Structures are given as structure tokens and as C-alpha cells.
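Novice: Read in order, the letters of the sequence shown are residues 2 to 433 in the numbering used here.
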Amino acid sequence: MSALLKNDLAKPYQTVARGKGVWLWDTEGRDYIDGSSGAMTANIGHGVEEIADAMAAQAREVAFAFTAQFTNAPAEELARRLTALAPGDLDHVFFVNSGSEASEHAMRLALQVWRERGRPGKTRFISRQRSYHGMTMGALSMSGHDGRRGDFGDYLHAFPEVPPAYAFRSDWGDLPEEEQGAVAVAEWETAILAAGGADKVAAVIAEPIVGAAGGALVPPPGYFTALREICDRHDVLLIADEVITGMGRTGSWFASGFEGIVPDILNTAKGLSAGYTPMGAVILRAPLVETIRQGSGLAPYGHTFSGNPLSAAICLAVLDYMETHDVLGNVAARAAEMEAGLKALQQRYAHVADVRGRGLLWGFEFVMDRQGKTPPPAEFNATGTFVDLCWEEGLVVYPAGIKPLNNACLISPPLVITADELTELLTRMDRA
Ligand code: PLP
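1. Excluding sequence positions up to five away, which residues of its chain have a Cβ less than 6 Å from the Cβ of W115?
2. Could you tell me the distance, in whole angstroms, from the CA atom of V17 to the CA atom of G276?
3. Quick check: does the Cβ of I245 come within less than 6 Å of any heavy atom belonging to the ligand PLP?
4. Buried or exposed: where does M143 fall if 16 or more other Cβ atoms within 10 Å of its Cβ makes it buried?
5. At what residue ranges does the segment 19 to 93 contain a whole run of the beta strand (DSSP E), taking only runs of 3 or more?
6. Buried or exposed, going by whether 16 or more other CB atoms sit within 10 Å of the CB of N73?
7. Can you round the beta-carbon distance between A1 and V163 to whole angstroms, since I take them to be within the 8 Å contact cut?
8. Suppose you measure from the CA of V23 to the CA of I34; what does that come to, to the nearest Å?
9. Label R125 either buried or exposed according to how many other C-beta atoms from any shown protein chain fall within 10 Å of its C-beta, with 16 as the threshold for buried.
10. Among residues of its own chain, excluding the 5 on either side of V397, which ones have a beta-carbon nearer than 6 Å to its beta-carbon?
11. May I ask you to report which of helix, strand or coil DSSP gives E162?
12. Straight-line CA distance for N407 to T384?
13. Please list the terminal residues of the continuous alpha helix (DSSP H) segment that includes I293.
14. Would you check if the distance between the CB atom of V328 and the CB atom of L416 is smaller than 7 Å?
15. Starting from the C-beta of K272, find all residues in its chain whose C-beta is less than 7 Å away, skip the five residues before and the five after it, and write them out in chain order.
16. Consider the C-beta atom of Y277 and the heavy atoms of the ligand PLP; say whether any pair is separated by less than 6 Å.
17. Would you say the beta carbon of S99 comes nearer than 6 Å to a heavy atom of the ligand PLP?
18. Assign P378 to one of three DSSP states: helix, strand, or coil.
19. Per DSSP, which one or two residues make a beta bridge with G358?
20. Hey, would you say the C-beta of G139 is under 6 Å away from at least one heavy atom of the ligand PLP?
21. Taking the alpha carbon of E380 as the point to measure from, which residue in G342, Q181, D370, I403 has its own alpha carbon closest?
22. Would you identify the three-state DSSP class for F306, choosing helix, strand or coil?
23. Using beta-carbon positions only, say whether G342 and L228 come within less than 7 Å of one another.
24. I need the boundaries of the alpha helix (DSSP H) containing A204, first residue and last residue.
25. Just to confirm the assignment, what range does the beta strand (DSSP E) spanning I240 have?
26. So what's L97 in DSSP terms, helix, strand or just coil?
27. Give the DSSP bridge partners of A333, in chain order.
28. Say the cut is 6 Å; is the CB of A409 nearer than that to a heavy atom of the ligand PLP?
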């Protein structure tokens, strides 16, 4: 019997043996296309030699030095390069080790900034239904993910109140596209006012494109511009959770920049290290850092491994790889093929609806009938069944449905996938 406590204690998991590019092999020699980059993480694919070399070289120099005692060159350089890629004046970085820690740290920073601005009463966070910001208790408090909130209810804030920007299942979805953004965003303002408005609300948090809790829900144009305006009007910070959408997944370095808006805090993780080490980053706008500089001068809430030189060197090597191999160029080329391929499958199968996404983050959902958009009965678990069928075909995809709509699926292969590999992915999916 295994001593490792796994997600599902009853499930006989295959053991992964090795990976190369978009491919994974188990110990029995079966191959799988990693159609979800694990959890939207392995962005440059598996087994990249350059990363292994960078890892070994840094480990020989110095793997760990505590950031309260030393700074280190890889972390300094990584912060410099990330802030150059981030939109606007997002010009300081705090490193953490996961997306959940990034959510926690963004909360702490928002509370600290308001405290140091003499407004300690601003303590409320507003978030959306069908959102996911992490499993730690603060992050889970903000997450509109029924399944993962599970039995922890007593320890969490009230369920996030703002409806998702979910055109397929919203009454504004039939409006002309240019009118949708303003209507879809209105509930944020309602929620901010209901929570006490400018006096009480510290920040709102949103994923530019909802990933794990919805299956690539892309907001209508103008949505984030309008949300930025609402936040400014009510003196509320805007936290963009780019743990999935950051680092090239949606075709540019960060999805926040699509509408030219600058969030106050931008979180990223997953693709930052592309899975080669645990790493996350909280990127802050200049005025927030200035508040702290002129106030306490301290941002002391780090974790033991925050910004360790080994992880930072690995992330630098990932960034180098992405730039040298024009990975964003590949995302642009493959995105169009992915959209066409998924829409062709939708044409063939009446139970597939609302193919949606951007870059290499795509989703769709299962319905009983496209007209009525009726989801399959919950007891059937369409998503789980499909994920299992894909597995049998040697394709890994990610279940992104949450109760009571457990019917969505995410396709998010490594950003280095070739045209032939994408064709093979779609063929295996078709068979499933
Ligand atoms: N934020 C978003 C948008 C996520 O998708 C996730 C994980 O899926 C997290 C935060 C939490 O990240 P982690 O699992 O690295 O703690």
C-alpha cells in the first residue's frame, strides 16, 4: 500500500516515468499527450535540457539563501525582467511559491497598503462565482468554487457574490458584443456598494479568463476597462489573478494588457517556472510600493523559499527559452488551428457547445441540446466521463466544471506544441 496520500484514495494512478515536449510516458510505456500542461503549467513542455542545465549550474553556485538575510542575482534579474514584461507601472515583484500563496500575499499587501494610508477599515475582498484563487484559506475564501470550498465553509468568507462573465449562460449573452461588457460588469459595482463601498472594500480579484472554475470563460470586450473604472471610482484595488493566463498562455505575456488596463496587483505562477520548480510572483504598481516606502518601509511577510536563487534561476532559464524559441509566436500560430479544430468537433457532435478561449487556453461544455443549453444530468458527470475516455486514448485534459454545472473541460497544451502534435491531440479527442 502506498504511503502517499493522493487526491483520490481509491483510484489506481499510473506512475509517470518521463516526459519530452508535449509527451508523457508512464512506467508501463504508454504515451500520453499532455493536453492540459498538467494543471496549465508545463508551458514549455517536459524534459527541456536547457532548464536542467541551468538548474544544475545554479545548484552548484548557491541553491538557497534566505531573502531576509541576502538578496541574490537570479531573483533581482527575474524581477527586472518580469516588470519589463508586465503592463504599465507594475514595477515591483514579491516572489512566492505557488498561485495560492500569491493570492494570500496580494490580500496581505492590499490590507497593508490601506492601513498605511490611514484607512484600516478597508478589509473586504470581492470576487466572483466560478472563480479559483487557490486552496489556502484566504485564497479559498475568495474562490467561487463550490467543490473546493467543500466542508471548509465555517472558516471562509461568504460565497463570492459577483456572477461570472459567462456569455453562454448569461442573459446579456444575446446583446450586441460591444454592449455586453458594460452590462456584465455592473454587478461588481452592486457588490462593492453592498459591502460598504469605498470605506470598507480593500480590493476585488478576478481572473482575466476564468480557467479551472469555468473552462476558459472569456469576458466580453470592455469588461476589464469598465471594472478598472469601477475600482477607481470606489477607491478599490484591482487584483488580476494571472496564475494561469500569465506568461504567454493566452498569446501575450499577460492577459491584463489586452484592454490596455493596468491592475494594481498582478499575480502569476504556473507558467512562470513552467513546472520546473514551485514559483509564483506578486507584481505591484508603483504607488502601492511608494505607500509602503513612505510608511513602515517594510514588506516582511515572506515565506522561507520566497525568491530563492535556485527557483529564480530556473524561471530565468524558462524566460530565455521562451524568448529564444519565440514561444509566443507559436501560440499565435497554434491558437487559430486549435480554434478551428475544436469548432470542427463541435460541428460533428451535438453535445459539444460554446467552444471558447484565447491563445492556448480553450474550453467547451457538454449540453443535452444546444438550443436549450441544458447541461447533462449531474449524476452522469459528463466532464469526468470525458476526461476518463480521453485518458484511455492517451490524452490528458483538465476537468473545469464545477457544481451544479459539472460539464466543462479545458484544453491547454504546452505552448510549444507543433502543428502535427495538435492534429494528433484533436484526433485523440475525437476518438474519445
Ligand atoms: N489562481 C488561479 C487562477 C489558479 O488557476 C490556481 C490554480 O489552479 C491558483 C490560483 C492556485 O495556484 P496553486 O495551485 O499553485 O496554489
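We put the CB at the ideal spot given by N, CA and C, even for glycine. Predicted model only: the values in this text are computed from it and were never measured.
Specialist: Reading off the structure:
1. Same-chain partners within the cutoff: K123, A203.
2. Between the alpha carbons of V17 and G276 lies a gap of roughly 15 Å.
3. True, at least one ligand heavy atom lies under 6 Å from that Cβ.
4. Counting Cβ neighbours within 10 Å, M143 comes out buried, since at least 16 surround it.
5. Considered as a whole, the segment 19 to 93 harbours 24 to 27, 32 to 35 as its complete beta strand (DSSP E) runs of no fewer than 3 residues, in chain order.
6. Buried: at least 16 other Cβ atoms inside 10 Å.
7. Only positions 2 to 433 of the chain appear in the structure, and residue 1 is not among them; the question remains open.
8. Taken atom to atom, the span from the alpha-carbon of V23 to that of I34 is near 6 Å.
9. Counting Cβ neighbours within 10 Å, R125 comes out buried, since at least 16 surround it.
10. For V397, same chain residues with a beta-carbon under 6 Å away, outside a window of 5 residues either side, are Y33, D35, G36, S37 in chain order.
11. Note: E162 maps to coil in three-state DSSP.
12. Looking at the backbone, the Cα of N407 and that of T384 are separated by about 6 Å.
13. Taken as a continuous stretch (DSSP letters only), the alpha helix (DSSP H) holding I293 covers 287 to 295.
14. The answer is yes: Cβ separation under 7 Å.
15. One detail in the question is off: residue 272 reads as Gly in this sequence, not Lys. A distance below 7 Å between beta-carbons, with the five flanking residues on each side excluded, links G272 to the following residues of its chain, in chain order: T42, N44, G247, M248, G249, R250.
16. False, no ligand heavy atom lies under 6 Å from that Cβ.
17. Using a cutoff of 6 Å, the CB of S99 counts as near the ligand PLP, since one of the ligand's heavy atoms is closer than that.
18. Reduced to three states, the DSSP call for P378 is coil.
19. By DSSP's assignment, G358 forms a beta bridge with W363.
20. Not one heavy atom of the ligand PLP falls within 6 Å of the beta-carbon of G139.
21. Ranking G342, Q181, D370, I403 by Cα distance to E380 puts I403 first.
22. F306: coil per DSSP, three-state reduction.
23. L228 sits away from G342, with the two beta carbons spaced by 7 Å or more.
24. It is not in any alpha helix (DSSP H) - A204 instead sits in the beta strand (DSSP E) that spans 202 to 207.
25. DSSP places I240 inside the beta strand (DSSP E), whose first and last residues are 238 to 242.
26. Residue 97 is actually Val in this sequence, not Leu. V97 falls in the strand class under three-state DSSP.
27. Answer by DSSP bridge pairing: none, since A333 is not bridged.
28. Checking every heavy atom of the ligand PLP against the Cβ of A409, none is found closer than 6 Å.
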